[in-house]
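Novice:
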Amino acid sequence: FSDPANNLGLEDIIRKALMGNLEERPE
Amino acid sequence: NRMHLVCPMNTSPHVDPQKSGHEVWEEFSHSFTPAVREVVEFAKKIPGFRDLTQHDQVSLLKAGTFEVLVVRFASLFDVTDRTVTFLGGKKYSVDTLRAMGAGDLLNSMFDFSEKLINLGLCEEEMSLFTAVVLVSADRSGIENVNSVEALQETLIRALRSLITKNHPNESAIFTKLLLKLPDLRSLNNMHSEELLAFKVH
């Protein structure tokens with residue numbers, strides 16, 4: 022998952038999780 | 004057209020031959036995304052991690068997520084019966100995975116998992132070790148090396164203190180743990196090469 026070219030979309034997942042993606046959190 | 008994806012972060016190593024490469028990748032991504040999110044949630048709880056710049060938090064996670072997952076999922080590699088449990092819950096033998104195309108990385112993962120589990124760390128020790136794995140100042144792209152280094156040193160001191168307290172007669176454990184760090188780097192490199200090869204195929 023070093024994923025330098027972001028082929029796995031790892032950076033997007035990390036950024037969303039870091040910022041706290043409210044849309045994906047259960048009520 | 005490789006028909007297997009021999010990574011336990013997948014639900015199963017079998018790949019539907021009807022699916023396009025993009026679809027296979029998407030499915031795999033859905034499989035490992037929750038595990039990556041857990042790594043991020045873990046990182047957020049490391050005291051001081053959120054005080055690093057956002058750029059450095061992302062850089063550390065991008066570089067270290069694989070290594071954290073290797074530590075967290077070491078128990079998926081059963082060294083006694085030489086099987087790997089995939090996220091779908093099914094076990095596959097080393098021979099089966101080899102026939103599917105698994106290479107040296109598989110053996111290296113077994114070696115690492117066996118040695119780590121044999122250290123007999125408790126949950127708290129494992130957690131602190133995982134934090135040390137993640138917060139490494141020599142990852143590429145770190146902009147504020149001093150801050151990451153300071154946090155890394157604090158975590159290493161805390162780990163040493165905890166290990167010394169819990170294992171007063173086994174001083175080698177701390178050294179052995181630190182020696183796991185280069186092993187993890189090596190696994191990370193091997194894994195990146197396999198990922199690249201998979202993408203090329």
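If you read the sequences in order, they're chains A and B. Taken in order, the first sequence gives residues 22 to 48; the numbers are from the numbering used here. Taken in order, the second sequence gives residues 4 to 204; the numbers are from the numbering used here. The beta carbon of each residue, even a glycine, is placed where N, CA and C say it ideally should be.
Between which two residues does the beta strand (DSSP E) carrying B/V87 extend?
Specialist: First-last of the beta strand (DSSP E) with B/V87: T86 to T88.
Novice: Would you grab the beta carbon distance between B/L63 and B/S150 for me? Rounded to a whole angstrom, and I think it's under 8 Å.
Specialist: Contact flag wrong, Cβ pair sits at about 11 Å.
Novice: Report the CB separation of B/L108 from B/M12 in whole angstroms; it is logged as a contact under 8 Å.
Specialist: Between B/M12 and B/L108 the Cβ distance is about 13 Å, and since that is not below 8 Å, they are no contact.
Novice: Count the other C-beta atoms from every protein chain shown that fall within 10 angstroms of the C-beta of B/E29, then say buried if there are 16 or more, exposed otherwise.
Specialist: It is exposed - the Cβ of B/E29 has fewer than 16 other Cβ atoms within 10 Å.
Novice: Listed in chain order, which residues of the segment 49-66 of chain B have Cβ atoms closer than 8 Å to some Cβ of chain A?
Specialist: Those would be Q57, Q60, V61, L64, K65 and A66, in chain order.
Novice: Does the Cβ of B/E70 have 16 or more other Cβ atoms within 10 Å, making it buried, or fewer, making it exposed?
Specialist: Buried, since its Cβ has 16 or more Cβ neighbours within 10 Å.
Novice: Using a threshold of 8 Å, state whether the C-beta atoms of B/L131 and B/L165 are closer than that.
Specialist: Contact flag set, yes.
Novice: I need the straight-line Cα distance from B/V138 to B/T167, nearest angstrom please.
Specialist: Whole-angstrom Cα-Cα distance: 21 Å.
Novice: B/D81 bridges to which residues according to DSSP?
Specialist: Paired residues: B/T86.
Novice: Inspect the beta-carbon positions of B/V9 and B/G104 and report whether they are closer than 8 Å.
Specialist: In this structure, B/G104 lies closer than 8 Å to B/V9 by Cβ.
Novice: Considering Cα atoms alone, identify which of B/T14, B/P20, B/L180 and B/N147 is closest to B/E117.
Specialist: Residue B/L180 is the option with its Cα nearest to B/E117.
Novice: Residue range of the beta strand (DSSP E) that B/K94 falls in?
Specialist: From DSSP, the beta strand (DSSP E) with B/K94 extends over K94 to S96.
Novice: Give a yes or no on whether the C-beta atoms belonging to B/G67 and B/V148 are separated by under 8 Å.
Specialist: No, the pair does not count as a contact, with Cβ atoms beyond the cut-off.
Novice: Per DSSP, which one or two residues make a beta bridge with B/H17?
Specialist: Bridge partners of B/H17: B/H7.
Novice: Could you give the DSSP three-state label for B/R142: helix, strand or coil?
Specialist: Of the three classes helix, strand and coil, the one that applies to B/R142 here is coil, per DSSP.
Novice: For B/E44, return the contacting residues in chain A, with the cut-off set at a CB-CB distance below 8 Å.
Specialist: Per Cβ cutoff of 8 Å: A38.
Novice: Run down chain A in chain order and give the residues with a C-beta less than 9 Å from the C-beta of B/R163.
Specialist: The premise fails here: B/R163 is roughly 28 Å from chain A at the closest Cβ pair, so nothing lies under 9 Å.
Novice: What is the residue span of the alpha helix (DSSP H) that B/R40 lies within?
Specialist: Note, B/R40: alpha helix (DSSP H), G24 to K48.
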